[in-house]
Amino acid sequence: MNELNSKFITTEDLNNFNNLMDEIDILKDNDHAKAYTLHKKALRQYDRWSTILFDIRTGESKGIAKNPALKDRVAQILKMIDNSYVTARMVWGKAKDDITGGKY
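Numbered as in this note's numbering, the sequence shown ends at 235 without a single skipped number.
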């Protein structure tokens, strides 16, 4: 098990999420290549974590005990990933416009 104590969440899932958050924290506003890569990573992470939330919810109908706190935490993680996606897209879009406009 992992720190969220769920059979649906692997240590790799947590590591990937933490790595994404770390990379977003150090993203520079003119690093369009990195921003583009991060927005694609965020999309993959969002897909994975939404699958996790789906599995948790469907597991409840199969006899697994309900865990509202876990569902809330996964929803918070999804929100952070969505914010990371939007941030990366904004940086990528602005940097692309700056390059096209001759600012670099």
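For glycine and all other residues, C-beta sits at the position ideal for the given N, C-alpha and C.
Sequence-distant residues of the same chain with beta carbon closer than 7 Å to residue i, five excluded per side
i	result
Gln-176	Asn-147, Phe-148, Leu-151, Ile-212
Arg-204	Leu-135
Residue i beta carbon near the ligand ATP (any heavy atom closer than 6 Å)
i	result
Thr-218	For the ligand ATP, the structure offers nothing, since it holds no ligand at all.
Test item: CB-CB of residue i and residue j under 7 Å
i	j	result
Glu-191	Leu-169	no
For residue j and residue i, believed in contact at Cβ under 8 Å, the rounded distance
i	j	result
Lys-202	Leu-174	With a Cβ gap of about 22 Å, Lys-202 and Leu-174 do not count as contacting.
Phe-139	Asp-186	5 Å
Proximity winner among the options, relative to residue i (alpha-carbon distances)
i	options	result
Gly-224	Ala-166, Ser-181, Asp-144	Ala-166
Val-222	Thr-182, Leu-158, Asp-178, Lys-197	Leu-158
Sequence-distant residues of its chain with Cβ nearer than 8 Å to residue i (five each side left out)
i	result
Ile-208	Phe-148, Trp-180
Cutoff 6 Å; reference residue i; Cβ partners in own chain excluding five residues on either side
i	result
Asn-161	Ala-226
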